[in-house]
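Numbering (my numbering), first residue to last: 315 to 619. Here a beta-carbon is modelled for each residue, glycine too, at the ideal position from N, C-alpha and C. The model shown is predicted, which means the values in this text are computed figures rather than measured ones. What follows is one structure encoded as structure tokens, with my remarks underneath.
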């Protein structure tokens, strides 16, 4: 059986870090990585939605991953999302990630064109073949990718022995149960929607990967601890507090990741820049909401952690 303990826990999705000119900030990446280590999370998911991957070049994504691996010093499980909207670039990123010794690579399906399932499977298997010694994580996020991981496609992918996990960001928690049941005893399923971590864990998820985890890791670590201890009612209270903060984060005119970076600047002194166009940066009036989020996070941590 595989050792899946390295995937069990809270794994924040890593944020894009830019300097004042909008270029990748290597120092910002390293500082954010050290922050994750200090907070005691299990690992980081690099180069996904939170990392603004579809707005970055192949060279930039390599630069980010290299900085994360260097700063982590082996203290974090590292999952590198390597999907691009063409196979060749995705395979290049996969091979690069394996050369750095990451724990796993991950990929969404190809977006825009609606491909038949055999073509999606070929795309994922081609990416996996470029990193033959590294676990492969399927990223199921149908609401953004435009295509869902169906059970027939899942069964086809299980023929690849390197397919070790699904990052499930579909909203029905039933999907977690189905992937766990058919994946086998040592198959990993990550809960994706931050707002339902308690539900996902209760349904059998091994851990969570989430875009708001990095803004308030203490709350998600507490949710994981309480849920695993069977204290569901207590965990739900923390989940409700986290959800209220998420809803407030989403009320800014700017993109939510810009809100999170502003929160981290205030709470942790991290300089991570804004977001990359066409994502919308914060406007001046958003700062009142950012400060309210900071107060809500501080209060929730004081109350529950």
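Selection from the options that minimises the alpha carbon distance to residue i
i: residue 469; options: 414, 493 and 344; result: 493
i: residue 550; options: 338, 543 and 512; result: 512
i: residue 347; options: 359, 337 and 336; result: 359
i: residue 532; options: 487, 544, 561 and 613; result: 613
i: residue 619; options: 568, 571, 496 and 530; result: 530
i: residue 601; options: 578, 566, 590 and 591; result: 566
i: residue 408; options: 442, 554, 378 and 330; result: 442
i: residue 455; options: 335, 577 and 425; result: 425
i: residue 385; options: 414, 502, 332 and 458; result: 414
i: residue 575; options: 459, 608 and 436; result: 608
i: residue 616; options: 591, 584, 402 and 552; result: 552
i: residue 400; options: 380, 372, 383 and 393; result: 372
i: residue 555; options: 434, 611, 483 and 421; result: 611
i: residue 629; options: 538, 322 and 326; result: An answer regarding residue 629 cannot be provided, because it is not within the stretch 315 to 619 covered by the chain.
i: residue 504; options: 453, 542 and 547; result: 453
i: residue 313; options: 543, 412 and 548; result: Within the shown structure, residues of the chain are numbered from 315 to 619, placing residue 313 beyond reach of any answer.
i: residue 481; options: 434, 419 and 429; result: 419
Nonlocal neighbours in the same chain, by C-beta distance under 7 Å from residue i, ignoring five residues either side
i: residue 491; result: 517 and 518
i: residue 606; result: 562
i: residue 557; result: 509
i: residue 349; result: 582 and 584
Own chain partners of residue i with C-beta closer than 8 Å, once the 5 adjacent residues on each side are dropped
i: residue 320; result: 356, 357, 391 and 417
i: residue 571; result: 329, 330, 364, 366, 525, 589 and 593
i: residue 465; result: 492 and 496
i: residue 604; result: 566, 573, 576, 577, 580 and 596
i: residue 334; result: 587
i: residue 376; result: 407 and 410
Bridge partner(s) assigned by DSSP for residue i
i: residue 360; result: 394
i: residue 615; result: BP columns for residue 615 are empty, so no partner.
i: residue 327; result: 359
i: residue 332; result: 338
i: residue 501; result: None, per the DSSP bridge assignment.
i: residue 522; result: 324 and 505
Buried versus exposed call for residue i [16 or more other C-beta atoms within 10 Å across all chains shown]
i: residue 563; result: buried
i: residue 328; result: buried
i: residue 342; result: buried
i: residue 270; result: Lying before the first or after the last residue shown, residue 270 is absent from the chain, which here runs from 315 to 619.
i: residue 485; result: exposed
i: residue 427; result: exposed
i: residue 449; result: buried
i: residue 495; result: exposed
i: residue 447; result: exposed
i: residue 362; result: buried
i: residue 458; result: exposed
i: residue 506; result: buried
i: residue 587; result: buried
i: residue 488; result: exposed
i: residue 432; result: exposed
i: residue 394; result: buried
i: residue 568; result: buried
i: residue 352; result: exposed
i: residue 374; result: buried
i: residue 473; result: exposed
i: residue 599; result: exposed
i: residue 337; result: exposed
i: residue 369; result: exposed
Nonlocal neighbours in the same chain, by C-beta distance under 6 Å from residue i, ignoring five residues either side
i: residue 316; result: 500
i: residue 330; result: 365 and 366
i: residue 461; result: 423
i: residue 535; result: 324
i: residue 477; result: 450 and 471
Contact test: residue i Cβ vs the ligand NAP heavy atom, cutoff 8 Å
i: residue 470; result: Looking for the ligand NAP in the displayed structure turns up nothing, as the structure carries no ligands at all.
Residue-level contact to chain B via CB, residue i, 9 Å cutoff
i: residue 437; result: Absence of chain B from the displayed structure is noted, only one protein chain being present.
- Message: For a minimum of 4 consecutive residues, which ranges assigned as the alpha helix (DSSP H) are wholly contained in the stretch 570–612?
- Response: 570–582
- Every unbroken beta strand (DSSP E) inside the stretch 461–485 [3 residues or more]: 477–482
- In the stretch 398–472, which residue ranges form an unbroken alpha helix (DSSP H) of at least 4 residues, counting only runs that do not cross its ends? Fully contained in the stretch 398–472 are the following alpha helix (DSSP H) runs of length 4 or more, in chain order: 401–413, 431–443, 456–459 and 465–471.
- May I have a chain-ordered list of the alpha helix (DSSP H) segments no shorter than 4 residues that lie completely inside the stretch 539–568? 546–563
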